[in-house]
Amino acid sequence: MLKRFGSWLVIPVALLLSSHLLAQEAKLVNTEFVSLPGQGVEVRMEFDVPPTAPNSYMIDSPPRLVMDFNGVTNAMGQRSVSVNTGIVDSVNFAQAQERLRVVTNLYGTATHDVQMDGRLLVMRFQEAATAPARSVRQPAATSMPVQDVAGRTRIQSIDFQRVEGNQGRVTIGMSDDRAAMDIMREGGNVILNLSDAVLDPSLARRLDVQDFATPLEFIDSMSSGAGATILLRPGNSPFDYMAYQTGNQLIVDFKPLTTREQEALRESQFPYSGERIDLNFQNVEVRAVLQIIAEVAEMNLVVSDNVGGTTTLRLKNVPWDQALDILLKSKGLDKREVGNVLMIGTATEIAERERVEMESQQQVQELAPLVTEFIQVDFRRASDMRARLEEARLISDRGFILADDQTNVLMIRETSRQMEDIRRTLRRFDVEVAQVLVEARLVTASTEFARELGVRWGAAGSANTRVSVGGGAGTVPAIPGIGGVAQPSVPGMVDFGVGDPTSAIRIGYLSSGLLLSAELSALQSDSKIEIVSQPKVITTNGRPAVIKSGQEVAYQTVENGEVNLEFKEVVLSLEVTPQINPGDRISMDLKVLQDSLDPNRLGGELLINTNQLETSVVVNDGDTIVLGGVFRNDLENVVRKTPLLGDLPVLGGLFRYTRETETKRELLIFITPTMIRESLAIQ
778 MLKRFGSWLV IPVALLLSSH LLAQEAKLVN TEFVSLPGQG VEVRMEFDVP PTAPNSYMID
838 SPPRLVMDFN GVTNAMGQRS VSVNTGIVDS VNFAQAQERL RVVTNLYGTA THDVQMDGRL
898 LVMRFQEAAT APARSVRQPA ATSMPVQDVA GRTRIQSIDF QRVEGNQGRV TIGMSDDRAA
958 MDIMREGGNV ILNLSDAVLD PSLARRLDVQ DFATPLEFID SMSSGAGATI LLRPGNSPFD
1018 YMAYQTGNQL IVDFKPLTTR EQEALRESQF PYSGERIDLN FQNVEVRAVL QIIAEVAEMN
1078 LVVSDNVGGT TTLRLKNVPW DQALDILLKS KGLDKREVGN VLMIGTATEI AERERVEMES
1138 QQQVQELAPL VTEFIQVDFR RASDMRARLE EARLISDRGF ILADDQTNVL MIRETSRQME
1198 DIRRTLRRFD VEVAQVLVEA RLVTASTEFA RELGVRWGAA GSANTRVSVG GGAGTVPAIP
1258 GIGGVAQPSV PGMVDFGVGD PTSAIRIGYL SSGLLLSAEL SALQSDSKIE IVSQPKVITT
1318 NGRPAVIKSG QEVAYQTVEN GEVNLEFKEV VLSLEVTPQI NPGDRISMDL KVLQDSLDPN
1378 RLGGELLINT NQLETSVVVN DGDTIVLGGV FRNDLENVVR KTPLLGDLPV LGGLFRYTRE
1438 TETKRELLIF ITPTMIRESL AIQ
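Residues 778 to 1460, numbered by the working numbering, are exactly what the sequence shown covers, in order.
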């Protein structure tokens, strides 16, 4: 019987080998870049085997080149490569099943050239000017009140645009990159859940994008519990989607599928990949069919004595593993694969055997002898490691664990098998924690310009009629004697002089019966001040650090008639919590405070000038970012004059005092995080 059916199946070895080679996946193993003349950049991607040619398209806003590789996986161990050279910012990698998407982020529009050379793919970029892509934008969130948003991510905008190849792109702008994303396909829709994210009421609406002729038709945004939900509703045409995050932007791309891509997608979702065979039997023994399938699969076969009976089936062009599952389900059988051995038995028999094996293993574990080990903890506290092991439930009821923080040693009593899991866990957690040096620069620059112009003069005279004329606003300084005449004192009629002049001109006139004295004074000052504060602090990854420098100022308070003396800090402080992300990017929660005493007082009380900034940012290792700036320009024009007389043309200057003051102040805050590597620490 076996010879009769076996003659129907001819499996050439060469065909199997060729199928294996075609199904072999390529792996991306390295990515390098070099600068070209001008702002050009060449990016080189190396694979272990030549990959299939990628599908690529260029996006104008934001500028980036997107390439999709089918049957390629990322084996570099990182999802981003920072280039920061010329026109290229970085290269991101996103894996979706057996497809690898490579996104090259650019600083501006550029021309590109992609070449394949065996296992090497070369991309060259040069600056160029390109028209922006058509897009639709939902209005950004306004300053409407939202409850309980402290420390939570805010969704600031939801945009849609059509990109090359009739693709639709949804871009969600957020205040930071900390929101947890969960995206799934349910029915014909794609549901995006952002936990612990706040959606402004102005964004909770439907966005109609049918006119863009992309797979996506509607975007519904709504708040859900403690987060936000964005429902992406495509049309009836087949599509594929991919979601990825760059900085504070979450991007979801929708791509229409061609007929060939639809077939490839169905095959990728099909769980069976075995060699296709034809089976047409009537009342044939089940064991004989199993033998044929094992020969096709080139696997060893072990069949239980409880397997028997006959079957009738007709299968055409079906993978052998699917045919096997159909046969087993129709007969109440089950299988287990161990290496290249296929074991077949009844479902109840296999389940019972596995239950007995589990009970046997549990009994062996309960009877296994206990061993005691002393394990030195190198980089963490022993008590912390004990808590981690207990939390992971790696200590059985028979064993125990003790921690000594003075010697940083763990004493563990467990079975040898359990001890292997404990050592493996300790090797994972007891590692050197990276450190980050955070340097802040607070630059305060001020410029002050002042100009004053004033005059004071007086006159006195007498006639034979004994009538005298004089002023009552003080006395103008005496005029030196002229021609032997004594120095008379002239009463001041107008006093609009500068308080502390840098220049003054005095004129006197003396004649019979008339004495005139005048003084013209002026002042002009120009001052520039620049203050640079540079606090630095080092902390471990994920741990907060605080540094303060300043003084405490005493002030009095009165309560129930009692005078109390209290103190107020006037400090320069930096509070930071760094977190090292993949790709040598550092996210930081920052609070910068700069206080200073104001020389002026209000009612004898001290005044304190405060500059404060709280934010969360993501920066590349060693890069400097400007967190914020405050610019202030004060203009003051003061005019004091004698009514009516001070408004006269030309002569009005004798009855007028003017002062012009302009003060400019600017504050800039710079932050530079640097990872402390081993070589730097040794130095």
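Don't be surprised by glycine CBs; every beta carbon is placed ideally from N, CA and C.
Pair within 8 Å by beta-carbon distance, residue i and residue j
{"i": "V1210", "j": "F1156", "result": "yes"}
{"i": "L1383", "j": "V1330", "result": "yes"}
{"i": "P1359", "j": "R856", "result": "yes"}
{"i": "R1163", "j": "A1145", "result": "no"}
{"i": "D973", "j": "R931", "result": "no"}
{"i": "T1440", "j": "S1302", "result": "no"}
{"i": "L842", "j": "H889", "result": "yes"}
{"i": "L1390", "j": "V1403", "result": "no"}
{"i": "V1215", "j": "M1365", "result": "yes"}
{"i": "V826", "j": "F810", "result": "no"}
{"i": "P1312", "j": "L1349", "result": "yes"}
{"i": "L1230", "j": "T1449", "result": "no"}
{"i": "M844", "j": "S833", "result": "yes"}
{"i": "G817", "j": "F902", "result": "yes"}
{"i": "L1171", "j": "I1199", "result": "yes"}
Paired residues, beta bridge with residue i - DSSP
{"i": "G1051", "result": "Partner(s): none; G1051 has no beta bridge."}
{"i": "E1038", "result": "Paired residues: none, contrary to the question."}
{"i": "P1011", "result": "L993"}
{"i": "I836", "result": "R841"}
{"i": "V1335", "result": "V1340"}
{"i": "T1419", "result": "T1419 pairs with nothing; no bridge assigned."}
{"i": "E819", "result": "V811 and R901"}
{"i": "M1188", "result": "F1151 and L1179"}
{"i": "T1435", "result": "L1230 and V1416"}
{"i": "P1033", "result": "F1016"}
Nonlocal neighbours in the same chain, by C-beta distance under 6 Å from residue i, ignoring five residues either side
{"i": "M1076", "result": "N1117 and L1119"}
{"i": "N734", "result": "Residue 734 falls outside the range modelled here, since the chain spans only 778 to 1460, and no answer is possible."}
{"i": "R1130", "result": "none"}
Contacts around residue i, its chain only, beta-carbon distance under 7 Å, and the 5 residues preceding and following it disregarded
{"i": "N943", "result": "A990, T991 and P1033"}
{"i": "D1375", "result": "L1384, I1385 and N1386"}
{"i": "N970", "result": "D959, G1004 and T1006"}
{"i": "G1012", "result": "P992 and E994"}
{"i": "F1031", "result": "Q944, G945, T991, P992, L993, P1011, F1016 and Y1018"}
{"i": "A917", "result": "Below a pLDDT of 50, predicted positions are generally treated as unreliable, and A917, at 42, falls in that range; no measurement from the model is reported."}
Helix, strand or coil at residue i according to DSSP, with G and I counted as helix
{"i": "P828", "result": "coil"}
{"i": "I1172", "result": "coil"}
{"i": "A803", "result": "strand"}
{"i": "K1106", "result": "helix"}
{"i": "P1450", "result": "strand"}
{"i": "T808", "result": "strand"}
{"i": "Q1226", "result": "Reading off the sequence, residue 1226 comes out as Phe, not Gln. Correct three-state label for F1226: strand."}
{"i": "F1156", "result": "coil"}
{"i": "I864", "result": "coil"}
{"i": "G1327", "result": "strand"}
{"i": "A887", "result": "strand"}
{"i": "E1443", "result": "strand"}
{"i": "M958", "result": "strand"}
{"i": "G1406", "result": "strand"}
{"i": "V1314", "result": "strand"}
{"i": "R911", "result": "With a pLDDT of only 44 at R911, under 50, the local geometry of the prediction cannot be trusted, and the value read off the model is given with reservation. R911: coil per DSSP, three-state reduction."}
{"i": "T1401", "result": "coil"}
{"i": "M1076", "result": "coil"}
{"i": "M1196", "result": "helix"}
{"i": "P1265", "result": "In this prediction, P1265 scores a pLDDT of 48, lower than 50, which makes its location untrustworthy; the coordinate-derived value is nonetheless stated afterwards. P1265: coil per DSSP, three-state reduction."}
Residue of the options minimising C-alpha distance to residue i
{"i": "D977", "options": "F995, E1167, R962 and S1000", "result": "S1000"}
{"i": "I1121", "options": "K1325, L805 and V1080", "result": "V1080"}
{"i": "L1203", "options": "V1154, Q1039, D1400 and K1313", "result": "V1154"}
{"i": "R946", "options": "G895, V975, L980 and D1017", "result": "D1017"}
{"i": "I1127", "options": "L1105, Q1139 and V1141", "result": "L1105"}
{"i": "R1053", "options": "S1137, E1038 and I1069", "result": "I1069"}
{"i": "A1545", "options": "V865, M893, V899 and Q933", "result": "This structure gives no information on residue 1545, because the portion of the chain shown stretches from 778 to 1460."}
{"i": "L1009", "options": "K1313, F995, M1196 and P1015", "result": "F995"}
{"i": "T1221", "options": "V868, Q987 and L1444", "result": "L1444"}
{"i": "A1020", "options": "V880, S1326 and R1454", "result": "V880"}
{"i": "V1148", "options": "M1196, V1186 and S859", "result": "M1196"}
{"i": "V1115", "options": "N847, V1232 and L1078", "result": "L1078"}
{"i": "D1182", "options": "A1159, R1170 and I1152", "result": "A1159"}
Close-in-space but distant-in-sequence residues of the same chain around residue i (CB under 8 Å, 5 per side omitted)
{"i": "E1167", "result": "I1178"}
{"i": "L798", "result": "Here L798 scores only 41 on pLDDT, less than 50, and its place in the model should not be relied on; the value that follows carries that caveat. For L798, where only same-chain residues beyond five positions count, there are no Cβ hits under 8 Å."}
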